[in-house]
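Reviewing the structure listed below.
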Amino acid sequence: MKTQNLKVNQLSANSYRNYLSYLEAMDNKNMVAYGKFLADDVEMWFNNEQFGSGKETILKALSEYWKSFASIEHDLTHIYGTDKNYVLEALNHYKRHDGKDVTVRAVAFTDLNDNGKVKSVRLYMDMAPVFK
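Taken in order, the sequence shown gives residues 50 to 181; the numbers are from the working numbering.
If you want it as structure tokens, here you go:
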């Protein structure tokens, strides 16, 4: 994960470290580590489509989705919001299975519940270049 391009960060130091761990679990495609961040009733949206509802459903869908590319690395540019509700803008660097590198600009809105678990994620990005 890259943070040298991060221009704005409005999270507390503790929440920022937690969010970096969350993103690191994604970058490592570590389903067990990623699942620890999710609330049981979490909802996830990709653009205008609901990706899944419920922790187990989302983890199952992500395990298949993460197989569709070789790797991902988040390059953070902006984080706005509070420790419970924030938006991340990032450059997501993908390596496709054919070895080609593709960068996609992405925005993710994340809401946490009272226990600090992710209850909602809304992702906005054009994944077409990753799958061309």
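The C-beta atom is built at its ideal place from N, Cα and C for all residues, glycine as well.
Small disclaimer: the values here were computed from a predicted structure and weren't measured.
Listed as beta-bridge partners of Ile128 by DSSP are Asn58, Leu137. Segment contact: the region 129-136 against the region 150-162, three or more CB-CB distances shorter than 8 Å; contact assigned.
Taking C-beta atoms as the reference points, Val167 and Phe86 count as a pair closer than 7 Å. Considered as a whole, the region 58-86 harbours 62-76, 80-84 as its complete alpha helix (DSSP H) runs of no fewer than 4 residues, in chain order. Cα atoms of Tyr71 and Pro178: separation of roughly 25 Å, rounded to the nearest angstrom. Here the C-alpha atom of Asp175 lies approximately 13 Å from the C-alpha atom of Glu138.
In the three-state reduction of the DSSP assignment, Thr52 falls in the coil class, being assigned neither a helical nor a strand state. Boundaries cannot be given for Lys181, as no beta strand (DSSP E) includes it and DSSP labels it neither H nor E.
In the DSSP secondary-structure assignment, Asp90 is not bridged to any residue. DSSP, reduced to helix, strand and coil, places Ala157 within a strand of the structure shown.
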